[in-house]
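In our numbering, the protein residues as written are -16 to 268.
In what follows, a structure is listed as structure tokens, so that the remarks can point back to it.
Structure below.
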């Protein structure tokens, strides 16, 4: 497992208020963690946003900071509040009011991966949970907060594009046969980003040939809620892309279409930056 809480790739020159992040694409699983789980090395990866960090790896060439997770989602979920502890998986957590994420096993220390498969044989200690939060969660969020604060200070606004991937089965039955969304933009129903920014991002993806939906089935979770304050010039938009576009979900392997989708994601960020007034071309680097 990566001993670093995150990987930060800064451009030579920051030229835009946009920050791109991927909190769920960590994929280092060490033996100590695997010893605590009932899952094999393939199933433990089923909730991972596999290779999203590589889909967006070129955005620093556009003048955009890139922050990616250094640990897997099954170990610690960076898109949850530090307080979202599940009493069913962490010892000595009082059984108080629980939100739907915790109840479903998807707290900051997840109890399950995709399709409700349990991760652990028993509970982990409170000390272990707090160690993960202090060692990995807080440094990641401290860094994300610093990047957005710097963007706001430099450009008068900050725009977070929080990148994820969604299982194909989550959207395969929506929109009618062959009409399901390939990208879902989440702005918590207008509360985490200015509407014109989301309109622009939607138009960019549609212009690149993808079908786009908003907030269904994914509206955004902790990150968009915590960092999206559009009335203060701080905007957060969650981007979910259909894994079937670039990934063999059964084998968790990149398909031959991976490079094309990486090019598309790079172009989408480039066009978005252009539309909001800070143009930057990949060829300029």
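Don't be surprised by glycine CBs; every beta carbon is placed ideally from N, CA and C.
Just so you know, these numbers come straight off a predicted model, no measurement behind them.
By the beta-carbon neighbour count (other beta carbons within 10 angstroms, threshold 16), residue 30 is buried.
Looking at 166, 11, 0, the one whose alpha-carbon comes closest to that of residue 259 is 0. Residues 158, 162, 163, 164, 165, 166 of the same chain have their beta carbon placed closer than 8 angstroms to that of residue 194, with the five preceding and five following residues left out of the count.
Judged by DSSP in its simplified three-state form, residue 121 adopts helix. Straight across, the Cα-Cα distance linking residue 182 with residue -3 is about 24 angstroms.
Of the candidates 175, 129, 240, 129 places its Cα closest to the Cα of residue 48.
Judged by their CB atoms, residue 99 and residue 88 are nearer to each other than the 8 angstroms cut-off.
Cα atoms of residue 151 and residue 230: separation of roughly 10 angstroms, rounded to the nearest angstrom. The count of Cβ pairs closer than 8 angstroms, one atom from the stretch 8 to 16 and one from the stretch 212 to 227, stays below three, leaving the stretches out of contact. For residue 131 and residue 143, the gap between their C-alpha atoms comes out near 7 angstroms. In the DSSP assignment, residue 236 forms a beta bridge with 231. Between residue -5 and residue 28, the alpha-carbon positions lie close to 33 angstroms from each other. Residue 75 has its alpha-carbon roughly 18 angstroms from the corresponding atom of residue 117.
Shown here for residue 205: same chain residues with a beta carbon closer than 6 angstroms to its own, the five before and five after excluded, namely 62, 63, 64 in chain order.
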